[in-house]
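For reference, the structure discussed in these notes is given below.
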Amino acid sequence: STAPEIHKGLAGVVADTTAISKVNPETNSLLYRGYPVQELAAECSFEQVAWLLWHGELPSDEQLDTLQETERANRALSDDVRDLVDRTPTTAHPMDVLRTAVSLVGAQDPSAGDASPDADLAKSVRLLAQLPAVVAYDQRRRRGEDLVPPDEDLDYAENFLRMTFGEVPDPVVVDAFRVSLILYAEHSFNASTFTARVITSTMADLYSAVVGAIGALKGPLHGGANEAVMHVFDEIGSAENAEPWLERALAEKRKIMGFGHRVYKKGDSRVPTMRAALERLVEHYGRPDVLDLYTRLETAMGERKNIKPNLDYPSGPAYHLMGFDTATFTPLFVASRVTGWTAHVMEQAADNSLIRPLSEYDGPDERHL
Ligand code: CMC
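Under UniProt numbering, think of the first position of the sequence shown as 3, with each following residue one higher.
This is the structure we're talking about:
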């Protein structure tokens, strides 16, 4: 018999249909429910985009009010979740803290096992509201700072930043943060989203799917890249070291973090928008050195390998300039991507088929003891 064709890494495999987002590497475009992501980043709040991903249409004013009210009412951490964060050692990566906390948030929800669309939507809003509180508090306690409680008068992005830094920063900073959240929200069948769909396909609950997705996002080939990019910037130090650093790294066969993409081979559709936000931050903080290094490494990588940056390349230094600890970058990605994950969970559940591929056995032939 002929050996079956193996699709290692499922590269090129179309696993299902989705109405949530469309990635087109040929035209270098990304649509959320039909809207170009650049337009959403220019015009919308993150809450509007969350609603769009979940419901398929942008919210009316009334629908947006309802979402905002529920999100604001669900922000405060329970004592148990706070206690759990406190007890998790600071030697643990913030992604591990977040994964653990989300697991408890789920276990504390009496309707965790209710898989009706309404219940799943309520769980999605709850997670949207709770994740920033965990991320912000974890960074603060690592710095020896007290918890900053949520402020119901602020929108999602402003409140997230205030819970992290104790005050709402300059509008330029809030806006760059909002843009990053919108760009990170959704990207079709990436590894973490597919993980969430696999878990949902067994008819497990939404919280289990999100906990699994957090695990998948942690790795540096996926969401962990935004943190890894910052380590690269730190290693290089300043722009004039970019080329020699790259030569060494390529000679050691290292993957350069923040470059390359499984789907986009001609450049990541989200990069120009995030780069523009980074430029505004560089201007605001008076840090042209960051942009110098950014451009120098990007150019060198283009010349040497013809590989273009992905979204993590501009967002890493952007989060750094905003004042986030490097280890907090991937948890920020989680806080945003939870909207896409949960939209996919609901889409998968609505028309489910167990995800269970085959493997080709290549171990020893049958043998006996
Ligand atoms: N640095 C050096 N070489 C690279 C890189 C890179 N970042 N990306 C791809 N290549 C090379 C790769 O070595 C291979 O070369 P060869 O054909 O000589 O073996 C060729 O380009 C094709 O790459 P591949 O590894 O087959 O491509 P892939 O689709 O399996 O990998 C990727 C995609 C994202 C895992 C990879 O580009 C990578 O490891 N990038 C660095 C990590 C990163 O930035 N990840 C973020 C991804 S996008 C947003 C997100 O999910 O957060």
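We put the beta carbon where it would ideally sit given N, CA and C, even for glycine.
K220: first and last residue of the uninterrupted beta strand (DSSP E) it sits in: Here K220 belongs to no beta strand (DSSP E); instead the alpha helix (DSSP H) covers L208 to K220.
Less than 8 Å between the beta carbons of W56 and A351, yes or no? no
Outcome for T332 when other beta-carbon atoms lying within 10 angstroms are tallied against a minimum of 16: buried
For the ligand CMC, I want to know if H224 counts as a neighbour, meaning its beta carbon is within less than 7 Å of at least one of the ligand's heavy atoms. yes
Can you name the start and end residues of the beta strand (DSSP E) that Y139 belongs to? Segment P119 to R144 is the alpha helix (DSSP H) holding Y139; no beta strand (DSSP E) there.
Kindly examine the ligand CMC and report whether one of its heavy atoms sits closer than 7 Å to the Cβ of K220. no
Note down the Cα distance separating A13 from F191, rounded to an integer number of angstroms. Straight-line Cα distance between these residues: approximately 11 Å.
Does the beta carbon of A215 fall short of 7 Å from some heavy atom of the ligand CMC? no
Using the beta-carbon count (16 or more within 10 Å), is G214 buried or exposed? buried
Jot down the residue ranges of each uninterrupted alpha helix (DSSP H) in the region 157-212, minimum 4 residues, whole runs only, in chain order. 158-167, 173-186 and 193-203
What would DSSP say about residue 417, mapped onto helix, strand or coil? The question about residue 417 has no answer, for the chain in this structure spans 3 to 371.
For a test of the three-state rule: what should DSSP assign to Y266, helix, strand or coil? Three-state DSSP puts Y266 in coil, outside helix and strand.
Pair every Cβ in the region 37-53 with every Cβ in the region 205-223, then say whether three or more of these pairs are closer than 8 Å. no
Going by DSSP, what residues sit across from L33 in a beta bridge? K24 and P38
Taking E160 and G342 to be in contact with their CB atoms under 8 Å, please state how far apart those CB atoms are, rounded to whole angstroms. Not a contact, Cβ separation roughly 22 Å.
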